[in-house]
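Q:
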């Protein structure tokens with residue numbers, strides 16, 4: 001039986017096996033289940049290949065110029081809609097977080113002014129706990145797939161892994177609401193990652209015409225009936241998510257290209273750029289609205305972070321060595337961050353396996369611990385007198401700013417409270433700000449760095465929408481400030497500039513993208529003069545960190561069990577041929593097959609692709625005709641396109657079907673199953689001609705081809721099935737089928753354990 005990558009009947013026990021269990025020493029990417037969000041779910045592969053059967057060709061030939069033109073217009077119209085919706089979501093997200101967190105900090109600060117410190121702590125503590133519990137409860141009970149940033153799941157989807165439930169209406173709503181409340185609860189998490197998932201959700205829902213489950217469908221949107229077109233829209237949605245989160249349209253496009261997609265082409269680049277441009281234009285108009293004071297208490301907060309460091313700078317050759325060291329240390333810290341986070345996520349998963357109540361209790365513990373740290377640590381530092389000529393009113397009362405009064409007397413401020421007793425966006429703005437070399441003490445920044453590094457690791461694993469971008473930026477910025485303080489007057493670069501470079505180095509060390517992060521930081525800071533230094537620290541930090549482990553999203557994907565295909569083949573794959581990993585026996589169909597045989601095979605296997613072989617009298621000798629998909633067989637059974645005799649039919653049978661009959665449903669829950677089809681005994685004895693619905697030109701490889709070469713072909717073409725044919729005639733016309741499962745290292749090394757001794761470090765991710 002072919003090793004098609006699907007949910008097989010004999011793998012039901014795997015559905016109950018937690019992939020991140022502490023009892024397992026390694027993760028398994030060969031099973032048909034993975035952790036999606038916070039729950040174990042069955043997964044399949046996606047059909048990015050165009051299935052060129054006779055029905056497909058007939059459908060395209062029957063289309064007129066008006067339909068083709070309408071199809072092209074709809075692509076651009078959907079990009080426009082995606083840009084507008086994601087921009088509005090991102091704007092409202094920022095606005096809600098700034099106002100929710102702002103009210104909390106203002107009420108607390110007012111009580112501090114009245115010297116009611118215990119009551120201030122209780123208000124701060126209870127508000128954080130309520131927001132955290134709300135975010136975790138709706139996530140755990142309504143949409144567990146909304147847990148985390150969602151970037152690993154979206155990245156796996158764009159690689160060809162179909163994880164159920166990641167693009168539903170429930171996931172979208174919980175992602176938005178949960179992200180707002182979780183970020184407002186002072187947990188050290190970000191909203192940029194969830195915005196990428198939100199953009200992908202919006203694109204996927206528009207691409208499939210809405211949600212039939214909730215009655216939100218639009219027939220005029222149902223133009224994209226295959227995984228390939230939906231994939232392109234989801235890439236555009238991912239780019240829009242980053243553009244809306246950071247007001248970085250070019251950075252968003254580059255992030256979708258460099259960090260998310262596995263396939264790219266110039267036409268897609270144009271559409272992604274158009275989508276991000278719509279976000280930038282509309283967001284600029286909304287920002288102008290906020291600058292007029294119509295956005296509430298803290299309306300200008302997270303939307304103007306891109307102006308955080310706009311000072312004119314100059315640097316010389318003597319400034320390069322400190323920046324080089326900054327990049328090296330950033331790479332080491334980034335790889336250490338990834339390592340510790342992966343260990344913590346394993347522990348959290350062991351706790352989350354015990355049930356919903358334990359998920360919420362874990363979040364409560366993290367919230368209580370965070371509130372105590374954020375409120376208690378500023379008491380460890382001494383108050384500082386306000387500078388003689390401050391850039392803004394000192395102390396800061398009733399709004400965000402650099403000079404937080406906290407418990408200090410008049411005309412004094414608490415520098416640690418200015419960083420830690422604040423929103424993440426305001427903390428970044430304070431660290432990046434110019435002319436503030438004397439505003440923060442070394443002790444305060446060091447405490448802030450240790451706190452951010454720790455809390456960003458412990459906060460990410462809670463069952464709530466949570467991103468890593470902002471925590472990594474704020475941690476890196478504090479580390480950069482520390483380096484600037486250690487150098488003191490020996491260097492001409494300001495502490496704010498070192499904070500920017502520190503954020504870049506930590507991002508490069510953790511996330512390992514270079515071009516997109518470089519442009520995002522430039523768009524954040526609005527200063528092109530930083531380009532050479534940012535390029536250098538990103539390159540150095542990524543190079544150093546790559547020597548230790550993979551980027552954080554690949555590590556999370558690996559831990560979740562998502563079978564992601566890397567761009568390169570492992571060295572041991574060159575030692576094997578495709579015939580060495582194909583397992584059998586292979587299940588095939590005849591060109592004209594009996595209905596009862598089809599039903600039996602579909603009921604007893606979970607495979608999604610079957611070779612179709614013509615035998616005498618249809619052909620002189622057994623010959624491979626092509627491959628047919630499980631969904632297409634189910635459609636033929638449902639429509640009862642049967643014949644009474646086993647004879648090949650003419651092409652007239654195609655006219656009995658429409659393109660909608662074979663359109664793939666966007667959600668796996670709405671797809672047809674063999675259990676849904678009821679047939680009589682008389683119908684079971686009839687026949688189906690599979691020729692018009694079989695892909696007669698499938699991709700094939702010879703059994704002697706190296707596995708590494710086959711992997712390159714499989715990944716670059718976005719295949720789900722790759723047929724293996726014999727080297728010499730006289731044998732069966734097809735040896736087996738290669739699927740994603742066959743390229744996983746655990747599967748290969750399970751078949752050939754002798755390779756373990758020779759792989760060395762190639763297995764380390």
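In full-length UniProt numbering, the protein residues as written are 1 to 765.
Beta carbons are placed, not taken as given, at the ideal position from N, Cα and C, and that holds for glycine.
If you measure between the beta carbons of residue 205 and residue 244, is that distance less than 8 Å?
A: By one-based count along the chain shown, residue 205 stands at place 205. By one-based count along the chain shown, residue 244 stands at place 244. For residue 205 and residue 244, no; Cβs fall outside 8 Å.
Q: Considering only residues of the same chain and omitting the five flanking positions on each side of residue 75, which have a CB-CB separation below 7 Å?
A: Taking the first residue of the chain shown as 1, we reach residue 75 at position 75. The residues are 271.
Q: Could you tell me which of 246, 334, 580 and 116 sits nearest to residue 755, measuring between CA atoms?
A: What you label residue 755 is simply residue 755 of the chain shown in a count that begins at 1. Ranking 246, 334, 580 and 116 by Cα distance to residue 755 puts 580 first.
Q: Given this structure, state the Cα-to-Cα distance separating residue 156 from residue 731, to the nearest angstrom.
A: In the chain shown, counting from the first residue as 1, residue 156 sits at position 156. In the chain shown, counting from the first residue as 1, residue 731 sits at position 731. Distance between the alpha carbons of residue 156 and residue 731: 37 Å.
Q: Does the distance from the C-beta atom of residue 502 to that of residue 326 stay below 8 Å?
A: As a first step, residue 502 is located in the chain shown; it is residue number 502 there, counting from the start. As a first step, residue 326 is located in the chain shown; it is residue number 326 there, counting from the start. In this structure, residue 326 lies closer than 8 Å to residue 502 by Cβ.
Q: Do the CB positions of residue 167 and residue 407 come within less than 8 Å of each other?
A: On the chain shown, residue 167 is found 167 positions in, with the first residue counted as 1. On the chain shown, residue 407 is found 407 positions in, with the first residue counted as 1. Cβ atoms of residue 167 and residue 407: not closer than 8 Å.
Q: Pull the bridge partners of residue 384 from the DSSP assignment, please.
A: Within the chain shown, residue 384 is the residue found at index 384, counting from 1. Paired residue(s): 413.
Q: Candidates 628, 161, 58 and 99: which alpha carbon is nearest residue 715's?
A: In the chain shown, residue 715 corresponds to position 715, counting from 1. Residue 715 has its Cα closest to that of 161, out of 628, 161, 58 and 99.
Q: Can at least three beta-carbon pairs, one atom from the region 50–66 and one from the region 701–720, be found at a separation below 8 Å?
A: no
Q: May I ask which residues mark the beginning and end of the alpha helix (DSSP H) holding residue 514?
A: For this step, residue 514 is matched to residue 514 along the chain shown. Segment: none, residue 514 is in no alpha helix (DSSP H) and carries neither H nor E.
Q: Buried or exposed: which applies to residue 451, given that a residue is buried once 16 or more other Cβ atoms fall within 10 Å of its Cβ?
A: Position 451 of the chain shown, counted from the first residue, corresponds to residue 451. Residue 451 comes out buried.
Q: How about the region 629–642 and the region 669–682: do they share at least three Cβ pairs that are nearer than 8 Å?
A: For the pair of segments examined, the region 629–642 was found to touch the region 669–682: the number of CB pairs separated by less than 8 Å reaches three.
Q: For the region 512–532 and the region 476–496, state whether three or more C-beta atom pairs, one from each stretch, are separated by less than 8 Å.
A: no
Q: Whose CA, out of 97, 387, 508 and 123, lies closest to the CA of residue 107?
A: Translated into the one-based positions of the chain shown, residue 107 becomes position 107. Among 97, 387, 508 and 123, the Cα nearest to that of residue 107 is on 123.
Q: What residues in its chain sit with their C-beta under 6 Å from that of residue 45, if we drop five residues either side in the sequence?
A: Indexing the chain shown from 1 puts residue 45 at position 45. Taken in chain order, the residues that qualify are 5, 160, 720 and 740.
Q: List in chain order: all unbroken alpha helix (DSSP H) runs of 4+ residues lying wholly within the region 416–479.
A: 424–432 and 442–460
Q: Would you say residue 193 and residue 165 are within 8 Å of each other, going by their C-beta atoms?
A: One-based indexing of the chain shown puts residue 193 at position 193. One-based indexing of the chain shown puts residue 165 at position 165. Contact flag unset, no.
Q: Below 8 Å on the Cβ atoms is my guess for residue 591 versus residue 627; work out the distance and round it to an integer in Å.
A: The residue given as residue 591 occupies position 591 in the chain shown. The residue given as residue 627 occupies position 627 in the chain shown. That belief does not hold up - the Cβ atoms of residue 591 and residue 627 are roughly 12 Å apart, past 8 Å.
Q: Leaving out the 5 sequence neighbours to the left and right, which residues in its chain are closer than 6 Å to residue 396 when beta-carbon positions are compared?
A: Numbered from its first residue, the chain shown carries residue 396 at position 396. Same-chain partners within the cutoff: 403 and 404.
Q: Jot down the residue ranges of each uninterrupted beta strand (DSSP E) in the region 515–596, minimum 3 residues, whole runs only, in chain order.
A: 592–594
Q: What do you get for residue 306, buried or exposed, if any count of 16 or more other CB atoms within 10 angstroms of its CB means buried?
A: For this step, residue 306 is matched to residue 306 along the chain shown. Note that residue 306 scores a pLDDT of 40, beneath 50, so its modelled location is shaky; the value from the coordinates is reported in the next line. Flag for residue 306 reads buried.
Q: Considering only residues of the same chain and omitting the five flanking positions on each side of residue 79, which have a CB-CB separation below 6 Å?
A: Along the chain shown, read from residue 1 onward, the residue named residue 79 stands at position 79. Excluding sequence neighbours, residue 79 sits near 236, 271, 274 and 275.
Q: Just the C-alpha distance for residue 504 and residue 259, rounded to the nearest angstrom, thanks.
A: Counting from one through the chain shown, the residue named residue 504 turns up at place 504. Counting from one through the chain shown, the residue named residue 259 turns up at place 259. Using only the alpha carbons, I get a separation of about 16 Å.
Q: Taking only runs of the alpha helix (DSSP H) that begin and end inside the UniProt domain "CBS" (693–754), which ones reach a length of at least 4 residues, in chain order?
A: You should have 707–716 and 745–751.
Q: Which residues in the same chain as residue 299 place their Cβ atom closer than 8 Å to its Cβ, once the five residues preceding and following it in sequence are excluded?
A: Counting from 1 along the chain shown, the entry for residue 299 is found at position 299. Only weak support exists for where residue 299 lies, its pLDDT of 49 falling under 50; the coordinates are left without a value.
Q: Shortest alpha-carbon distance to residue 184 belongs to which of 254, 105, 690 and 455?
A: Locating residue 184 in the chain shown gives position 184, counting from the first residue. Checking every option, the nearest Cα to that of residue 184 belongs to 105.
Q: Helix, strand or coil for residue 111, going by three-state DSSP, please let me know.
A: Along the chain shown, one-based indexing puts residue 111 at 111. In the structure shown, residue 111 sits in a helix (DSSP, three-state: H, G or I).
Q: Should residue 68 and residue 158 be called a contact, given that it needs their Cβ atoms to be closer than 8 Å?
A: Within the chain shown, the letter at position 68 stands for residue 68. Within the chain shown, the letter at position 158 stands for residue 158. Against a cut-off of 8 Å, the Cβ pair of residue 158 and residue 68 comes out as no contact.
Q: Measuring straight from C-alpha to C-alpha, what distance separates residue 230 and residue 268?
A: Walking along the chain shown from the start, residue 230 turns up at place 230. Walking along the chain shown from the start, residue 268 turns up at place 268. Spanning the two alpha carbons is a distance of roughly 12 Å.
Q: Taking the straight line between their C-alpha atoms, what separation do you get for residue 694 and residue 682?
A: As a first step, residue 694 is located in the chain shown; it is residue number 694 there, counting from the start. As a first step, residue 682 is located in the chain shown; it is residue number 682 there, counting from the start. Cα to Cα, residue 694 sits roughly 25 Å from residue 682.
Q: Between the C-alpha atoms of residue 133 and residue 178, what's the straight-line distance to the nearest angstrom?
A: As a working mapping, residue 133 is identified with position 133 in the chain shown. As a working mapping, residue 178 is identified with position 178 in the chain shown. If you take the alpha carbons of residue 133 and residue 178, they lie about 10 Å apart.
Q: Looking at residue 738 and residue 612, is the spacing between their C-beta atoms short of 8 Å?
A: Sequence index remark: in the chain shown, residue 612 carries index 612 (1-based). Sequence index remark: in the chain shown, residue 738 carries index 738 (1-based). If you check the CB distance, residue 612 and residue 738 do not come in under 8 Å.
Q: By a C-beta neighbour count over all protein chains shown, 10 Å radius and 16 as the cutoff for buried, is residue 582 buried or exposed?
A: Residue numbering aside, residue 582 sits at position 582 when the chain shown is read from its first letter. That one is buried.
Q: Whole angstroms are fine: how far does the CA of residue 129 sit from the CA of residue 368?
A: Translated into the one-based positions of the chain shown, residue 368 becomes position 368. Translated into the one-based positions of the chain shown, residue 129 becomes position 129. Roughly 7 Å separates the two Cα atoms.
Q: In its own chain, which residues sit with a C-beta less than 6 Å from the C-beta of residue 750, not counting the 5 before and 5 after it?
A: Position 750 of the chain shown, counting from 1, holds the residue named residue 750. Cβ neighbours of residue 750 beyond the five flanking positions: none.
Q: May I ask you to list the residues that DSSP assigns as paired with residue 643?
A: Start at 1 with the first residue of the chain shown, and residue 643 comes out as number 643. In DSSP, residue 643 forms a bridge with 687.
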